[in-house]
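So the mapping is simple: our numbering equals the position in the sequence shown, first residue as 1, plus 59. See structure below.
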Amino acid sequence: MLEIRHLNASYGQAQALFDVSMDIQIGSMVLVHGLNGAGKSTLLKSIMGLMPGASGQISWHGQAFEKLAPHERSKKGFGYVPEDRRLFAALTVRQNLEIAMPSQAQKASLHAESLHLKDVLDLFPSLRGMLDRPASQMSGGEQQMLALGRTLMTQARMLLLDEPCEGISPVLVQSVAQALEKLKKQGFTLLIAEQNQVLSRMADKILRMNSGHLTETM
Ligand code: ATP
């Protein structure tokens, strides 16, 4: 279980998270709903270790986690897909995926069954036909699939996804939603920030944030 207790985070003098506590069960899909500026992205960044000065306790499988650097959290199986996706625009789809793959030595130290290029392409079949295309020449939805695929290639099992269905065509929203449902069935844990409540029907838990506070748990 991921346990978060009394998490606070700020940008300079401006506090963006206030005393946020939550539990996330392994293998569950948890959504964080909230309007613009509610603190959803800040929550995901704090869990990934990307908010310097954040305070509070985070534990993963009962072990303290909050002092680890982002790359150490990544080695523990955490993967973050930011809203802007941060793909390598000039690299091809294949290169974007392969670059994320851990080395053989790193793979040997991983507990989870490794996930390969083929598994990502099975999850997102439409990427198969565009392996040699630069990421810059993909639609927003295709880029979202690639960003998710790239994070899976790092062997992440705890996925922190910022607005995975935002700004993409309805058909591709369906593809992304189906892939997320499959990942959940395969035992991945998903914490997803979303404003438009597209994924509500498949969530195990829905949290609501408002002005940096966790206001409601369903
Ligand atoms: P959105 O749905 O618009 O992405 P959000 O719920 O993810 O919103 P956050 O991005 O976490 O909200 O923002 C929380 C608060 O922190 C907001 O008041 C926002 O203005 C502020 N904030 C976010 N990023 C920065 C930044 N880089 N510098 C300063 N303030 C920031």
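Beta carbons: idealized from backbone N, C-alpha and C, even for Gly.
With a cutoff of 8 Å, N95 counts as near ligand 1, since its C-beta is closer than that to a heavy atom of the ligand.
Look at A262: its beta carbon is at least 8 Å from all of the heavy atoms in ligand 1. For A97, no beta strand (DSSP E) segment is defined, and its DSSP state is neither H nor E. Taking the CA atoms as reference points, A262 sits about 20 Å from I106.
Between the alpha carbons of Q245 and N269 lies a gap of roughly 32 Å.
In the three-state DSSP reduction, S228 falls in the coil class, being neither helix nor strand. Between the stretch 198–210 and the stretch 136–153 there are three or more inter-stretch CB-CB distances shorter than 8 Å, so the stretches are counted as touching. Sequence-distant Cβ neighbours of M217 in its own chain, meaning closer than 6 Å and more than five residues away, are G136, F137 and T248.
Counting the other Cβ atoms within 10 Å of the Cβ of Q116 gives fewer than 16, which makes it exposed. Relative to ligand 1, the nearest heavy atom lies less than 8 Å away from the CB of K99.
About 33 Å separates the Cβ atoms of V152 and L266, ruling out a contact at the 8 Å cut-off.
Under the three-state reduction of DSSP, T101 is assigned to helix.
Shown here, D181 sits in a helix according to DSSP, grouped into three states. Of the residues M60, L242, M212 and L239, the one whose Cα lies closest to the Cα of L156 is M212. Distance from the C-beta of L102 to the nearest heavy atom of ligand 1 is below 8 Å. Note on geometry: alpha-carbon atoms of L180 and L174 lie some 11 Å from one another. Excluding sequence positions up to five before and after G98, its CB lies within less than 6 Å of the CB of A75, L76, M268 and G271, all in the same chain and listed in chain order. Within the chosen limit of 8 Å, ligand 1 does not reach the beta carbon of E275 with any heavy atom. In chain order, G86, S87, M88, L249 and M261 place their CB closer than 8 Å to the CB of K243, counting only its own chain and leaving out the 5 sequence neighbours on each side. Rounded to the nearest angstrom, the gap between the Cα atoms of G121 and R132 is 14 Å. In the DSSP annotation of this structure, the continuous segment of the alpha helix (DSSP H) that includes Q203 starts and ends at G199 to M212.
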